[in-house]
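Engineer: Have a look at this one before I ask anything.
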Ligand code: ADP
Ligand code: MG
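Residue numbers (the numbering used here): 20 to 405.
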């Protein structure tokens, strides 16, 4: 097993020819339930995972920022006086975008020094585990410390989202950054995206003999384009048509009335969001009252809703979910923004190896590429490591 911190420090030394002053990491996340509800100001229940992105950083004595990543040959460079979000592109937009967004949230960018940074990651890219939030949050905490900004974690989450929305151009919600910054060992983060308040909800998986298996379909998605933005636009339009600030205003009791005012496709999009919000609330209540073994039906229902109402699943994810459900999983659903990425299965620990073999077999039978599978455990949020 490689050591992410050692490799990141070594990458910094190789690239910039000196030692970094510090090293920070931020985790990817798995969303237990609550998909496409964040930008509708609803409820989400993600948890931070053990896979992390690291940034090693050292200040410079001029106003230049240089960033490199183990994933790219390019050393991207910008001057702090020339930060314009519309001019950023490629992977470095996630880093420079955070620098710019910190300025929008109160940092005095005219008064800070430049820096060199090297980034490495164990979070698979584009797999729906939010490598994007991991890189944003690692950079955000690194600069918050280095520049002594004293921004709190909720603000840093908003900074990451702002960067992703306006510098990268992906209209994503604040769920991923919240999980990456507020996550705690063994627990999920229950976030109300309207009030911005969050609660830590212990999952007690180990005590219940349960594991969460991630099945990465290998189908890659792009949030800046295509389906995700399209779904978000449908939700915004539905809220406008119904004369409400966001779909969060609706409950299931409002759906019959909405049906008379929306076209059938938009109604299904709305129904997903409304029922998914309720499933998040139900999941939190069950975790607290009965334990994780009781939430399987909610995971299954969430997948059906994404498959048939929100239409963001793909055949590989449906196959992973169905195979999991019929091979010992308590519940399963695709997770993340959809159109590819990963599914999760909640599974008794003794059934994990059987389930993995069943999924391998099913994918081979359907002529799909072998999925990457791994267990995830709820982990702590972004920290300074050294
Ligand atoms: P996801 O968040 O599901 O992994 P996204 O499309 O939202 O997928 O974000 C992936 C993008 O984030 C990559 O294409 C790249 O531009 C950027 N990125 C994430 N991690 C890194 C990294 N370690 N180095 C460079 N770029 C990264
Ligand atoms: Mg992402």
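Using N, Cα and C, we set each Cβ at its ideal position, and we do this for glycine too.
1) With a Cβ-Cβ cutoff of 7 Å, do residue 354 and residue 49 count as a contact?
2) State the start and end residues of the unbroken beta strand (DSSP E) segment that holds residue 69.
3) Determine the contact status of residue 138 and residue 94, defining contact as a CB-CB distance below 7 Å.
4) Contact criterion: CB-CB distance below 7 Å. Does residue 339 meet it with respect to chain C?
5) Give me the Cα-Cα distance between residue 243 and residue 140, rounded to the nearest whole angstrom.
6) From residue 340 to residue 253, what does the alpha carbon distance come to, in whole angstroms?
7) So the candidates are 360, 229, 393; which of them puts its Cα closest to the Cα of residue 376?
8) Taking only heavy atoms of ligand 1 into account, decide whether any of them is closer than 6 Å to the Cβ of residue 119.
9) Report the three-state DSSP secondary structure of residue 243 (helix, strand or coil).
10) DSSP on residue 216, reduced to helix/strand/coil?
11) Checking 7 Å against the spacing of the C-beta atoms, do residue 119 and residue 91 come in under that value?
12) Helix or strand or just coil, what does DSSP make of residue 131?
13) Pick out whichever of 54, 350, 319 has its Cα sitting closest to the Cα of residue 148.
14) At 4 residues or longer, and completely inside the region 121-186: list those alpha helix (DSSP H) runs for me, N to C.
15) In terms of alpha-carbon separation, which member of 298, 104, 398, 251 lies closest to residue 59?
16) Got a sec? Which residues, its chain only, sit under 7 Å from residue 146 by beta carbon, not counting five neighbours each side?
17) With distances taken from each beta carbon to the nearest heavy atom of ligand 2, which residues come in below 5 Å, in chain order?
18) At which residues does the alpha helix (DSSP H) containing residue 322 begin and terminate?
19) Between which two residues does the alpha helix (DSSP H) holding residue 373 run?
Structural biologist: This is what the structure gives:
1) yes
2) 62-78
3) For residue 138 and residue 94, no; Cβs fall outside 7 Å.
4) Although the question refers to chain C, the structure presented lacks it and comprises just one protein chain.
5) At residue 243 the pLDDT is 48, less than 50, meaning the model places this residue with poor confidence; the figure from the coordinates comes in the next sentence. Roughly 21 Å separates the two Cα atoms.
6) 26 Å
7) 393
8) no
9) Note on residue 243: pLDDT 48, under 50, position unreliable in the model; the coordinate value appears next. Three-state DSSP puts residue 243 in coil, outside helix and strand.
10) In this structure, residue 216 counts as coil in the three-state DSSP scheme.
11) With respect to residue 91, residue 119 sits apart: the two C-beta atoms are not nearer than 7 Å.
12) coil
13) Looking at the Cα atoms, 54 is the closest of the given residues.
14) 150-165, 172-182
15) 251
16) Shown here for residue 146: same chain residues with a beta carbon closer than 7 Å to its own, the five before and five after excluded, namely 235, 360, 361 in chain order.
17) That gives 149, 151.
18) 315-323
19) 371-384
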